[in-house]
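Here the structure is laid out as structure tokens; the discussion comes afterwards.
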Amino acid sequence: MDKLKEANLYRSELIPVSGKLVERYNKCLKTLGFTETKLKSFYIDGVGWSPEVAEEKKDIQYLNHGDANPHGIIISPLQKGKPVYLPFHSFDREMMQHVFRTHGQKINDITRDSAICIDFDQDIDVFYEPLDILKYDDVSITFRLIDNLEQIQKDQLELVHKFKSANNFIDESIHQQLLDSAKSYGDLRDRDLELHPLHFSTGSFYSRAFDGVYLLRDFIKPIVVFESKEYYKEAIKDTIHDVLIYHIDQPELVDKLKDHIIIECDLEHIVKTPNYERIKKYELAQFLKETEHPIKDILNDKVLFKSYLNKIDIKARKQVMGVELYLEKLERSNAHKIEDIVDQSFYFALHQPHSSLSAEHRDLIHKLLINIAPKDVLFLYWYDKEQFYKSYEGWGDSFKDWVIDRISNNI
3 MDKLKEANLY RSELIPVSGK LVERYNKCLK TLGFTETKLK SFYIDGVGWS
53 PEVAEEKKDI QYLNHGDANP HGIIISPLQK GKPVYLPFHS FDREMMQHVF
103 RTHGQKINDI TRDSAICIDF DQDIDVFYEP LDILKYDDVS ITFRLIDNLE
153 QIQKDQLELV HKFKSANNFI DESIHQQLLD SAKSYGDLRD RDLELHPLHF
203 STGSFYSRAF DGVYLLRDFI KPIVVFESKE YYKEAIKDTI HDVLIYHIDQ
253 PELVDKLKDH IIIECDLEHI VKTPNYERIK KYELAQFLKE TEHPIKDILN
303 DKVLFKSYLN KIDIKARKQV MGVELYLEKL ERSNAHKIED IVDQSFYFAL
353 HQPHSSLSAE HRDLIHKLLI NIAPKDVLFL YWYDKEQFYK SYEGWGDSFK
403 DWVIDRISNN I
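Note that our numbering has the sequence shown beginning at 3, numbered continuously upward.
Here is the structure:
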């Protein structure tokens, strides 16, 4: 990952945590019912998730009590606007933006000497079967402060009231109690520590529950797409819910998404875009094993590209150039079928969210499409960083250079 780090493409916006903040982070973990970390320093993202703590605990979802009970931690106002690098739901970042937009000023004050534990509660204690995902509706976002700071504030106010009553101002024991409380927690009398619960409405979204599932319910008919064949097979046994159920590898899924006006593919337009060029070059790179030139140069130089295109076998060549070959044939006759000429996975990779969709829906459908056919390296980085990092590990150095260049320059 060194090259990605040098290019600021690998978790570059994480916030460092050390010293007193580690102590507060551990108090949040204990408050939420998790074990403390033994690390003396680490980094966190916008929701309080840390890759180092996840590695230590050997659990990337260490802030969850099962799939139905995710949590968050705020120990710094710097978390405002930061990415959520391993979101459990596709709307996690929007929820955190909602939190900071509503309670930002209070968070600034509270995190001076405390920390905030977050419960994302959708009134589901535990998932029992895959279509329980349909129960997601409104998420209630509630907050707890470490050290029971809200109660300590009440205790301080009661002590102050007691101090002012009758002749208690001469009671040295009350003096001492006030001093001890102020020394331990500061003067809390005039601080606003109340973070009222927030609500977040969910529409269509992706969740890591059940090994990855998409719920598309803002369209003609609800569609549930599973990444796991095991959970897909379990879900299709359901006879109660009126939903369409697919596994992500089913070709019929793409047809259904088109029928529901969720995705579209205009080949004549797409071949003129950078998306197509990235996918075509990615495809060629998969067939290049031993080359006399660096992969990066081959993909960037038109002459070298054509040279190596002609060195691979005819079947591979047709797979790389299938779209352009199909469009050429289409100019002469409408009798040609796209499935006879264009590789299915290549064709699926060229699909786009329908132009009528909102920005929120477009991001979700981009993520779904890149999971169906992960061939556009820029979109893979944008919409599924975890899968991008896994794929990146298996690429050769020169191809990595080409990929980094695509992402850094947005081309």
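Glycine included, each C-beta is placed from N, C-alpha and C at the ideal position.
Identified DSSP bridge partners for residue i
i: E266; result: Q354
i: D123; result: S142
i: Y27; result: Bridge partners of Y27: none, in fact.
i: P72; result: N66
i: S209; result: H91, V215
i: I17; result: I46
i: F228; result: V215, H249
Residue i - DSSP class collapsed to helix/strand/coil
i: H368; result: helix
i: S142; result: strand
i: N150; result: helix
i: H271; result: helix
i: I374; result: helix
i: I314; result: coil
i: P85; result: coil
i: N417; result: Outside the shown range of the chain, which is 3 to 413, sits residue 417, and nothing can be said about it.
i: F44; result: strand
i: Y130; result: coil
i: V245; result: coil
i: P199; result: coil
i: L329; result: helix
i: V256; result: helix
i: I118; result: strand
i: W397; result: coil
i: M98; result: helix
i: V55; result: helix
i: T39; result: coil
i: K282; result: helix
i: D345; result: coil
i: K223; result: coil
i: S360; result: coil
i: R193; result: coil
i: D4; result: helix
i: D240; result: coil
Sub-8 Å separation of residue i and residue j beta-carbons
i: L306; j: D299; result: yes
i: L380; j: Q389; result: no
i: K84; j: D121; result: no
i: Y310; j: K377; result: no
i: F202; j: M97; result: yes
i: L6; j: I297; result: no
i: V55; j: S43; result: no
i: L352; j: I272; result: yes
i: V128; j: D94; result: no
i: S209; j: H91; result: yes
i: D139; j: Q124; result: yes
i: P53; j: R26; result: no
i: I126; j: P79; result: no
The ligand ZN heavy atom lying under 7 Å from the CB of residue i
i: D139; result: Ligands displayed in this structure: none; no statement on the ligand ZN is therefore possible.
From the options, residue whose alpha carbon lies closest to that of residue i
i: V322; options: E333, Y349, H338; result: Y349
i: V215; options: K369, K40, E254, G50; result: K369
i: R40; options: E58, K32, H67; result: Reading the sequence as shown, one finds Lys at residue 40 and not Arg. Of E58, K32, H67, the residue nearest in Cα terms is E58.
i: S410; options: W397, E395, W384; result: W384
i: D244; options: Q158, L133, I118, T104; result: L133
i: E8; options: I413, N412, K402; result: K402
i: I374; options: I272, A211, G398, L259; result: L259
i: A287; options: W404, D111, P79; result: W404
i: L136; options: G205, W397, P72; result: G205
i: L269; options: H67, M3, L332; result: L332
i: P72; options: L197, V141, S400, E254; result: V141
i: I413; options: R319, K387, E279; result: E279
i: H338; options: L352, Y328, L88; result: Y328
i: H198; options: I118, R210, A211, I238; result: I118
i: G35; options: N66, K223, L301; result: N66
i: I62; options: L80, P89, E38, S78; result: P89
i: I242; options: I340, N336, E131, D345; result: E131
i: K320; options: W397, I367, I340, D111; result: I340
i: F212; options: N110, E395, A237, W397; result: A237
i: K282; options: I75, K308, Y12, Y64; result: K308
i: L255; options: P276, L218, D240, L200; result: L218
i: E292; options: P79, A70, I126, S400; result: S400
i: G21; options: W51, Y64, G68, I77; result: I77
i: G74; options: E395, I343, L31; result: L31
Any C-beta of chain C under 8 Å from that of residue i
i: F129; result: Absence of chain C from the displayed structure is noted, only one protein chain being present.
Across the stretch 255-269 and the stretch 360-378, are there enough close Cβ pairs to call them in contact, namely three or more that are closer than 8 Å? yes
Could you tell me whether the stretch 222-238 touches the stretch 308-318, where touching means 3 or more Cβ pairs closer than 8 Å? no
Would you call the stretch 77-96 in contact with the stretch 10-20, where contact means no fewer than 3 C-beta pairs closer than 8 Å? yes
Taking 8 Å as the cut-off, does the stretch 247-256 touch the stretch 141-150 (at least 3 CB pairs, one atom from each stretch)? no
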